[in-house]
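Taken in order, these protein sequences are the chains called A and B. The first sequence begins at 1 in this note's numbering and counts up by one. The second sequence begins at 220 in this note's numbering and counts up by one.
Protein chains: 2
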Amino acid sequence: MSISPKQALFAEFATVARAIGHPHRLEILEHLAQGERGVDALSSRLGLAIANASQHLQQLRRAGLVTSRRDGKFVLYRLSDDGVLALLSSLRQLAERNIAEVGQIVRGYFDERDSMEPVSRGELLERMRAGLVTVLDVRPADEFASGHVPGALNIPLSELEARLSEFDPGREIVAYCRGTYCVLSFEAVARLRVRGLKARRMEEGLPEWRAAGLPLEST
Amino acid sequence: MSISPKQALFAEFATVARAIGHPHRLEILEHLAQGERGVDALSSRLGLAIANASQHLQQLRRAGLVTSRRDGKFVLYRLSDDGVLALLSSLRQLAERNIAEVGQIVRGYFDERDSMEPVSRGELLERMRAGLVTVLDVRPADEFASGHVPGALNIPLSELEARLSEFDPGREIVAYCRGTYCVLSFEAVARLRVRGLKARRMEEGLPEWRAAGLPLEST
DNA sequence: AATACATTCAATTGATATATTGAATGATAT
DNA sequence: ATATCATTCAATATATCAATTGAATGTATT
């Protein structure tokens with residue numbers, strides 16, 4: 001006798017779920033949410049052995065979460081579609097609400113240094129159009145290059161102190177990064193405030209901005 | 220040195236993902252989406268050993284997906300909140316779009332016998348109010364008892380043939396079940412059509428109806 | 001208090017996943 | 001063609017997970 005179609009489906013769903021069931025793969029997905037990446041770029045940024053990263057990527061591919069294309073000697077991976085972002089977002093929300101440890105980490109680490117609520121995408125868009133804010137993208141230059149909020153200033157965290165003069169002191173700064181738990185923008189806001197600048201974070205990160213259909217600029 | 224908060228978070232998220240990364244646990248969640256259930260009820264309905272079911276349930280609890288309460292000698296489990304449904308729904312959609320096997324199973328098995336599109340919840344609600352349809356709930360009696368579409372007729376699949384006389388021959392029947400991949404309503408529609416009755420399925424199942432905030436009736 | 005029952009825990013076995021290493025493939029450049 | 005580089009495959013040791021069994025816990029009933 002053959003197994004029921006329902007069991008076959010559940011087995012497939014379980015495979016997809018297991019594919020996002022590893023911290024390294026979640027981190028890989030967070031990076032791919034910024035844009036296409038090669039195996040080498042990913043492995044070095046995450047501190048994984050190349051073969052290891054490659055295998056994780058193939059598990060993600062088997063689960064339909066990423067696709068790859070060859071460009072010369074490089075193989076570039078990217079997220080299959082925005083459904084991956086949706087899945088990760090459900091996962092995050094659920095974990096924040098229902099797992100005590102997550103709530104503690106989020107409140108203890110991310111919120112302590114930062115009593116304010118983040119600026120929503122809609123609010124930011126309005127304030128941008130009114131010319132009221134400086135938008136700061138704190139991601140590395142290559143991620144910035146492959147797409148960013150129009151008019152944003154790209155200053156990776158390591159250069160922030162050295163380039164403070166680029167900010168207009170009277171103008172509010174809104175910083176963003178890869179996503180909700182990307183620490184870079186928290187750090188940036190904290191450091192800017194120490195210097196007496198008015199700074200807040202944007203909600204979530206660039207992938208969500210893109211998925212919301214808001215305007216982008218590249219290079 | 221301590222691990223970064225981001226890594227700690229990703230580890231937590233991965234735990235949640237792994238919790239839904241097993242076919243039995245997905246099936247457990249589908250059943251709990253119908254309402255509270257005891258360990259024994261779940262284990263017998265899924266054909267699992269009791270200890271086995273209990274351990275799966277505890278993994279789900281550790282992951283924050285279900286909660287439990289004691290009622291006399293029974294321990295009743297239920298979904299933590301509607302976020303669990305949202306997560307499962309993202310998972311389903313993603314798998315349907317990006318995994319070839321899933322598409323095949325869905326189209327091959329579920330759609331072949333049934334060229335029609337399901338009735339949307341909104342459309343059903345209108346037709347119900349206009350008194351145009353008989354709503355058929357094909358789930359087992361206990362699931363029906365803990366909540367169903369108002370005015371629905373409960374005929375488990377096994378009794379369908381014997382109780383055909385309860386249907387008004389001129390009236391359209393809309394059948395529903397546990398969820399998108401619950402086979403019962405497909406079967407029911409197929410059998411009713413063989414008898415010359417006009418029957419369609421409702422989209423998804425009762426948990427989604429409930430989550431959409433639509434009216435419910437119990438026993 | 002003693003018994004019955006539902007559930008959970010603990011220990012075992014077999015299966016599956018991960019990280020590592022070194023070799024194999026596939027594409028470009030010389 | 002040969003060399004070079006990025007990536008993937010294959011094989012291994014280690015760790016984690018799943019199902020089973022039998023014992024332990026906790027609650028209701030007698």
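The beta-carbon is built from N, C-alpha and C at its ideal position, and this holds for glycine as well. As the structure is a prediction and not an experimental result, all values here were calculated from the model.
Original post:
If we ignore side chains and look at the alpha-carbon of each, how far apart do B/Glu249 and A/Ala152 end up?
Top reply: Taking the first residue of the second sequence as 1, we reach residue 249 of chain B at position 30. Taking the first residue of the first sequence as 1, we reach residue 152 of chain A at position 152. For the pair B/Glu249 and A/Ala152, the Cα-to-Cα distance works out to about 45 Å.
Original post:
How about A/Ala152: is its C-beta nearer than 8 Å to some C-beta of chain B?
Top reply: In the first sequence, the residue the question calls residue 152 of chain A occupies position 152. Chain B contact via Cβ: absent.
**OP:** Indicate whether at least one CB of chain B lies closer than 8 Å to the CB of A/Met1.
**Re:** The residue you call residue 1 of chain A lines up with position 1 of the first sequence. With a pLDDT of only 41 at A/Met1, under the threshold of 50, the placement of this residue in the model should not be trusted; the figure read from the coordinates follows. A/Met1 does not count as touching chain B.
Original post:
Is the CB-CB distance between B/Ser437 and B/Ser365 below 8 Å?
Top reply: Position 218 of the second sequence, counting from 1, holds the residue named residue 437 of chain B. Position 146 of the second sequence, counting from 1, holds the residue named residue 365 of chain B. Going by C-beta atoms, B/Ser437 is nearer than 8 Å to B/Ser365.
**OP:** Pick out the complete beta strand (DSSP E) segments inside the stretch 115 to 195 of chain A, 3 residues or longer, and give them in chain order.
**Re:** If we require 3 residues or more, the beta strand (DSSP E) runs fully inside the stretch 115 to 195 of chain A come out as 133 to 137, 172 to 177.
Original post:
Does the stretch 94 to 106 of chain A come close enough to the stretch 121 to 131 of chain A to have 3 or more Cβ pairs within less than 8 Å?
Top reply: Too few Cβ pairs lie closer than 8 Å, so no.
Subject >> Residues bridged to A/Ser68 [DSSP beta-bridge criterion] >> reply: By 1-based counting over the first sequence, the position of residue 68 of chain A is 68. Here A/Ser68 is bridged, per DSSP, to A/Tyr77.
**OP:** Assign A/Arg200 to one of three DSSP states: helix, strand, or coil.
**Re:** If you number the first sequence from 1, residue 200 of chain A lands on position 200. A/Arg200: strand per DSSP, three-state reduction.
Original post:
Taking Cβ positions, are B/Ala430 and B/Leu304 nearer each other than 8 Å?
Top reply: Residue numbering aside, residue 430 of chain B sits at position 211 when the second sequence is read from its first letter. Residue numbering aside, residue 304 of chain B sits at position 85 when the second sequence is read from its first letter. Result yes, Cβ atoms of B/Ala430 and B/Leu304 sit closer than 8 Å.
**OP:** Could you check if A/Arg225 is buried or exposed, using at least 16 other CB atoms within 10 Å of its CB as the buried criterion?
**Re:** Outside the modelled stretch of chain A, which goes from 1 to 219, sits residue 225 of chain A, for which no answer is possible.
Original post:
Does the stretch 221 to 230 of chain B come close enough to the stretch 23 to 39 of chain A to have 3 or more Cβ pairs within less than 8 Å?
Top reply: These segments touch.
Subject >> Extent of the continuous alpha helix (DSSP H) to which B/Thr438 belongs >> reply: As a working note, residue 438 of chain B is residue 219 in the second sequence. According to the DSSP assignment, B/Thr438 belongs to no alpha helix (DSSP H), since it is labelled neither H nor E.
**OP:** Could you please give the first and the last residue of the uninterrupted alpha helix (DSSP H) stretch that includes A/Gly21?
**Re:** Along the first sequence, one-based indexing puts residue 21 of chain A at 21. For A/Gly21, there is no enclosing alpha helix (DSSP H), since its DSSP letter is neither H nor E.
Original post:
For A/Val39, which of A/Ala14, A/Ser185, A/Thr15, A/Lys73 has the nearest alpha-carbon?
Top reply: To locate residue 39 of chain A, count along the first sequence from 1; it is residue 39. For the residues A/Ala14, A/Ser185, A/Thr15, A/Lys73, the minimum Cα distance to A/Val39 belongs to A/Lys73.
Original post:
DSSP three-state call for A/Gly38: helix, strand or coil?
Top reply: For the purposes of this step, residue 38 of chain A is taken as the residue at position 38 of the first sequence. Here A/Gly38 sits in strand by DSSP.
Original post:
When the cut-off is 8 Å and only beta carbons count, does A/Glu101 lie next to chain B?
Top reply: For the purposes of this step, residue 101 of chain A is taken as residue 101 along the first sequence, with counting starting at 1. Chain B contact via Cβ: present.
Original post:
Can you name the residues that DSSP bridges to A/Gly205?
Top reply: Working through the first sequence from its first residue, we reach residue 205 of chain A at position 205. The secondary-structure analysis by DSSP pairs A/Gly205 across a beta bridge with A/Cys177.
Original post:
Is A/Leu48 helix, strand or coil when you go by DSSP?
Top reply: For this step, residue 48 of chain A is matched to residue 48 along the first sequence. Secondary structure of A/Leu48 (DSSP, three-state): coil.
Subject >> For B/Val402 and A/Gly83, the rounded distance between their alpha carbons >> reply: By one-based count along the first sequence, residue 83 of chain A stands at place 83. By one-based count along the second sequence, residue 402 of chain B stands at place 183. Linking A/Gly83 to B/Val402 through their CA atoms gives a straight-line distance of about 25 Å.
Subject >> N- and C-terminal bounds of the alpha helix (DSSP H) containing A/Ile105 >> reply: Taking the first sequence and counting its residues from 1, one reaches residue 105 of chain A at position 105. First-last of the alpha helix (DSSP H) with A/Ile105: 100 to 105.
Original post:
Just the Cα atoms here: how many angstroms apart are A/Ser165 and A/Ala199?
Top reply: What you label residue 165 of chain A is simply residue 165 of the first sequence in a count that begins at 1. What you label residue 199 of chain A is simply residue 199 of the first sequence in a count that begins at 1. If you take the alpha carbons of A/Ser165 and A/Ala199, they lie about 15 Å apart.
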